[in-house]
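Report on one structure; see the data block that follows.
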């Protein structure tokens, strides 16, 4: 009986291996001589990707900051291999998704998506280039078609199961807009060898484009620290925790082997300049989620980049007021005051101060701030609440 | 024969899950009373408050729900506090919608003070797109009353159903009284 089971197991293993062999055959990267034409199944995959990208692009989920989108695309263009620039049917285009979770993914026809949450975490252009080059390699090395051929060879049912079992939860509406192509790229990911290839080739491209390779492992360190604090919503770009460690070590090995002592451009100044407005927008999403630490870090980063911009100070005040842990309200008040000092015509900090004073029972001060707020922002969305506080005070009821 | 029997059983059982409404409705579990419109049906189970519809839950649902104010919200980690102003409660409810990754294009139309069951509360009107790309609209009245968050709300597809049933929700809300 035991022997029969053993034979059966060997038989199954051999069958799977034989089934996998054709799929394991390496495919030449796009753009190499003699490999410029797409196979029929790859054409179908491209067409599906184009449809899925269109759905996502039309969904209203893109972050449409023209200058930033152009900048991110400029960085991506520096990473595109020369032979691919000659192709008429291939155009790398990066789009930003309004989503605070850390992710980036690519579709086979050249569309790369990066979340606002990921951009908010990065510290410089070299790190952005590392991510874009990794995603670009998935495209140029035709990982989507290789992946689909593999799963089709093993079993079509397996593919269906894999899609059905995707942990799409935190990526919810993004993944639901994408089909199988996007779901694999954005959530389930490619095989470990394909990810390693994307790391390897991506890093080479990053260096060729003149960026500092030592930024890649720094990025992993940074994300790993964040993951340890958070424990959930793991970013797919970095995969599961053990995979993250593997890939971090892989980057370190690559650098030691091929780029020891190599330096290059960091692009911190320009990155900071471009990313500053996004930091506050993304922090607002983190505030909605109640991810105080993530929001605070982004807001403080924004203040460090633009210390004279009242928006950052005011938003830090908002965070502290909403979090309302011991000592937060005093700090919130101080941040609102800093924002007002920087721009006396900026309305939001007056609203924040009014709400703090109202909760503290200091109605007179609260109403004073609310009056300034409404005079500066007569069309404020919460005008009805503010008018109610003011009218109650006129009726002698107080506001608290 | 067996299949037909099951279908009959399920149909009968299914029908009994929904009961017609009309006139005064008193909830002894959730401590409220309200006038309900004729022609609608409510879910038989009142464990989570009152759920009613006219054409089916996917086409419209009016719900009256009472939950402990400190119960975790499904999508945001932010928490309600007992002494919050209606404006602050509304802000967290909106944040909860905004944090729901299963919907897209969430937009707030109105966010303003309102009286709910005789207590100071708020009114939010909103819209969003479902995963199936259906645009839905909602109107949400809420108030923190004692230890509870009471909410009275309607959600329906933006086309036809929401505009048609909006007045029903307003009548329900106007007759809603908390009986704590």
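Chains as they are written, first to last, in this note's numbering: chain P, 1 to 400; chain D, 401 to 580. C-beta atoms are modelled at their ideal positions from N, C-alpha and C, and glycine is treated no differently.
Flag residue 273(P) as yes if its beta-carbon sits less than 8 angstroms from any beta-carbon of chain D, otherwise no. No, residue 273(P) does not count as interfacial toward chain D.
Flag this pair as touching only if the region 94-108 of chain P and the region 118-134 of chain P have three or more C-beta atom pairs under 8 angstroms; answer yes or no. Flag = yes, the region 94-108 of chain P and the region 118-134 of chain P touch.
Where the beta strand (DSSP E) containing residue 542(D) begins and where it ends: Looking at the DSSP string, the run of the beta strand (DSSP E) that includes residue 542(D) is 535-545.
Around the Cβ of residue 409(P), are there at least 16 other Cβ atoms within 10 angstroms (buried) or fewer (exposed)? Since the first residue of chain P shown is 1 and the last is 400, residue 409(P) is not available in this structure.
Contacts that residue 357(P) makes with chain D (C-beta to C-beta distance below 8 angstroms): Those within 8 angstroms of residue 357(P) in chain D number zero; the least Cβ separation is about 12 angstroms.
Please check if any C-beta of chain D sits within less than 8 angstroms of the C-beta of residue 60(P). By this cut-off, residue 60(P) is an interface position.
At the level of alpha carbons, what is the spacing between residue 578(D) and residue 518(D)? Residue 518(D) has its alpha-carbon roughly 7 angstroms from the corresponding atom of residue 578(D).
Between the Cα of residue 419(D) and the Cα atoms of 446(D), 433(D), 431(D), which residue gives the shortest distance? The closest CA to that of residue 419(D), considering only 446(D), 433(D), 431(D), is found on 446(D).
Residue 427(D), DSSP secondary structure in three states: The answer is strand: DSSP assigns residue 427(D) an E or B state.
Using the DSSP secondary-structure output, state which residues sit across from residue 450(D) in a beta bridge. For residue 450(D), which the question treats as bridged, DSSP gives the partners 464(D).
Determine the extent of the alpha helix (DSSP H) in which residue 77(P) is found, giving its start and end residues. First-last of the alpha helix (DSSP H) with residue 77(P): 66-79.
So, using beta-carbon positions, are residue 314(P) and residue 339(P) closer together than 8 angstroms? Cβ distance < 8 angstroms, so residue 314(P) and residue 339(P) count as in contact.
Can you find the residues in the same chain that come closer than 6 angstroms, C-beta to C-beta, to residue 464(D), ignoring five residues on each side of it along the sequence? Cβ within range, chain order: 449, 450, 552.
Beta-bridge pairing of residue 220(P) - partner residues as DSSP gives them: Answer is none; residue 220(P) lacks a bridge partner.
Kindly say whether residue 565(D), judged by its beta-carbon, lies nearer than 8 angstroms to any beta-carbon of chain A. The structure shown has no chain A; the protein chains it does contain are P and D.
Just grab the DSSP bridge partners of residue 519(D) for me. In the DSSP output, where bridge partners are listed per residue, residue 519(D) has 516(D).
I'd like to check one pair, residue 474(D) with residue 496(D): are the Cβ atoms closer than 8 angstroms? A distance below 8 angstroms separates the beta carbons of residue 496(D) and residue 474(D).
Simplified DSSP assignment, three categories, for residue 562(D): Residue state, collapsed to three classes: helix.
Taking the C-alpha atoms as reference points, what is the distance between residue 534(D) and residue 557(D)? Between the alpha carbons of residue 534(D) and residue 557(D) lies a gap of roughly 7 angstroms.
Near residue 443(D), which residues of its chain fall below 6 angstroms by C-beta distance, leaving aside the five closest residues on each side in sequence? So the list reads 451, once near-sequence residues are dropped.
Are residue 445(P) and residue 139(P) closer than 8 angstroms when you measure CB to CB? No answer is possible for residue 445(P): it lies beyond the span of chain P, which begins at 1 and ends at 400.
Let me check understanding here. Comparing Cα to Cα, which of 389(P), 145(P), 391(P) lies closest to residue 38(P)? Of 389(P), 145(P), 391(P), the smallest CA-CA separation from residue 38(P) is found for 145(P).
CB-CB length for residue 466(D) against residue 550(D), believed under 8 angstroms: In this structure, residue 466(D) and residue 550(D) form a Cβ contact; the two beta carbons are roughly 5 angstroms apart against a cut-off of 8 angstroms.
Is the region 250-265 of chain P close to the region 87-97 of chain P, with three or more CB pairs under 8 angstroms? The count of Cβ pairs closer than 8 angstroms, one atom from the region 250-265 of chain P and one from the region 87-97 of chain P, stays below three, leaving the stretches out of contact.
With respect to the alpha helix (DSSP H) encompassing residue 348(P), which residues constitute its N-terminal and C-terminal limits? The continuous alpha helix (DSSP H) containing residue 348(P) extends over residues 348-359.
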